[in-house]
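J.:
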Amino acid sequence: MEESLLIQRASEGDAAAFNTLLGQHERRMYAVALRMCGNPEDAQDCLQEAMLRVYRAISGFKGQSSFGTWVYRITMNTCLDELRKRKNRPNTSLDGLVDAGWSPADEGDTPERHALRVEVRASLQGFIRELPEDMRAAIVLRDIQGYAYEEIAQMLDTNVGTIKSRISRGREKLREKIAGKSELFDKYRV
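If you're matching positions, the sequence shown starts at 23 in this note's numbering and goes up one per residue.
(1) Across the stretch 147-164 and the stretch 73-83, are there enough close Cβ pairs to call them in contact, namely three or more that are closer than 8 Å?
(2) At the level of alpha carbons, what is the spacing between Gln167 and Asp36?
(3) For Lys186 and Tyr171, I'd like the C-alpha separation in whole angstroms.
(4) If you reduce the DSSP assignment to three classes, tell me which class Pro62 lands in.
(5) Is Ala53 closer than 8 Å to Cys59 when the C-beta atoms are compared?
(6) Are the Cβ atoms of Glu25 and Phe89 separated by less than 8 Å?
(7) Measuring alpha carbon to alpha carbon, tell me which of Ser33, Leu43, His47 ends up nearest Ala79.
(8) Is Ala32 helix, strand or coil by DSSP?
(9) Where Pro154 and Pro133 are concerned, what is the direct C-alpha to C-alpha distance, given to the nearest angstrom?
(10) With burial defined as no fewer than 16 other Cβ atoms inside 10 Å of the residue's Cβ, what is the status of Gln46: buried or exposed?
(11) Taking the alpha helix (DSSP H) that Asn99 falls in, what are its first and last residues?
(12) Can you tell me whether Leu57 is buried or exposed, with buried defined as 16 or more other CB within 10 angstroms of its CB?
(13) Are the Cβ atoms of Arg164 and Ile189 separated by less than 8 Å?
(14) Between the C-alpha atoms of Asn181 and Glu173, what's the straight-line distance to the nearest angstrom?
(15) Determine the direct distance from the alpha carbon of Lys203 to that of Arg135, and round the result to whole angstroms.
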């Protein structure tokens, strides 16, 4: 069924149309939430809240942007709201995933290489979480999710120049943080 028809039917209360519509976007919504929140539990909470917000607001969707852009903007705003509320709450570590039974996909991976990869990933995620929220949102949407500058500007309700500036400053801050841990990142490249 065509997206515009699904939107119309969902805005009239058709639950099946709404489920079909959001089913097309759920994976990317979750990916955005996971990158913003840093752990699966908070990402799932934000995803559910974003879906509720979409459900409540779908009748007001005017089509000024694509439906996907609108949905991702709601998801991003939901994450930013949650991050502001949870600023002082500690995050789940990647070590918890290993303790829960997660193992590396590469069977030839050595324990040392795996530990190094986990440490590098945790460091990068920590560096991204330390960025100011506006820079973090722009970096996640551009460098991790791969959105175009124009789409990010629509999602974050700002102009393209501001988005490019946030990304540039965010990347510079990340480079500085990585340089401060060069011994870890140099070992990882070997």
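Just so you know, even glycine gets a beta-carbon here, dropped at the ideal spot from N, CA and C.
T.: For this structure:
(1) no
(2) 30 Å
(3) 7 Å
(4) helix
(5) no
(6) yes
(7) Ser33
(8) helix
(9) 34 Å
(10) exposed
(11) 89-107
(12) Sequence inspection shows Arg at residue 57; the Leu mentioned does not correspond to that position. The residue is buried, with at least 16 neighbouring Cβ atoms inside 10 Å.
(13) yes
(14) 10 Å
(15) 17 Å
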